[in-house]
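In our numbering, the protein residues as written are 274 to 466.
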């Protein structure tokens, strides 16, 4: 089917992911946040780099491994300088990388993720975009945020979840997830407003 308009959105986290882990200071499972600080240890001919997370209650820290026992030549000089200067951009990059947390066996606290949905032209989802029959909407979730599909669709179409459910049941819209590519695709088959 050919579409009248193809509109793309991207889901972008507003802050680094928080993690859940046992805290030795609190004596229970607690939420840790990204401090945007790196710890670099150069010992002889090996370098270790960690991103420091901190308990939001008692301030105990937990280091997540960025590099372990690496040769100095395997890290670019610029990247090394960014670790030493606690680059907020680099800390955000690691703090929103799902693979980084998987490698560190860290449990991401998905329920408190703050995000925005941006349209390809830079507009935000809440900028009251009207959709019409024949529109194809593609939502990229390249950060692999665990957000309910119906919530995202509701935010973009600016309709309630129950209205979305009704439109899906009557085949006015078709919503499908491409989990391998981290995308949600919405096809508008009829008038929704």
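Glycine included, each C-beta is placed from N, C-alpha and C at the ideal position.
Let me make sure I understand the geometry here. Which of the options has the alpha-carbon closest to that of residue i?
i	options	result
residue 282	459, 466, 463 and 465	459
residue 311	377, 353, 420 and 378	353
residue 415	408, 366 and 385	366
residue 306	296, 435 and 326	326
residue 431	403, 409 and 411	403
residue 301	348, 323, 290 and 329	329
residue 313	358, 421 and 299	358
residue 362	294, 277, 309 and 421	309
residue 356	417, 324 and 421	324
residue 299	342, 332 and 319	332
Is the beta carbon of residue i less than 9 Å from the beta carbon of residue j?
i	j	result
residue 441	residue 450	no
residue 287	residue 391	no
residue 280	residue 425	no
residue 339	residue 373	yes
residue 434	residue 427	yes
residue 445	residue 463	yes
From which residue to which residue does the beta strand (DSSP E) around residue i run?
i	result
residue 327	319-328
residue 391	388-392
residue 428	Not the beta strand (DSSP E): residue 428 falls in the alpha helix (DSSP H), residues 422-430.
residue 338	334-343
residue 306	301-316
residue 410	408-413
residue 460	456-461
Could you check whether the Cβ of residue i sits closer than 9 Å to any Cβ belonging to chain B?
i	result
residue 460	Annotation note: the requested chain B is absent from the structure, which comprises a single protein chain.
Going by DSSP, name the residue or residues bridged to residue i.
i	result
residue 286	388
residue 380	293
Mind checking residue i: buried by the 16 CB within 10 Å criterion, or exposed?
i	result
residue 383	exposed
residue 408	buried
From which residue to which residue does the alpha helix (DSSP H) around residue i run?
i	result
residue 441	434-442
residue 366	361-368
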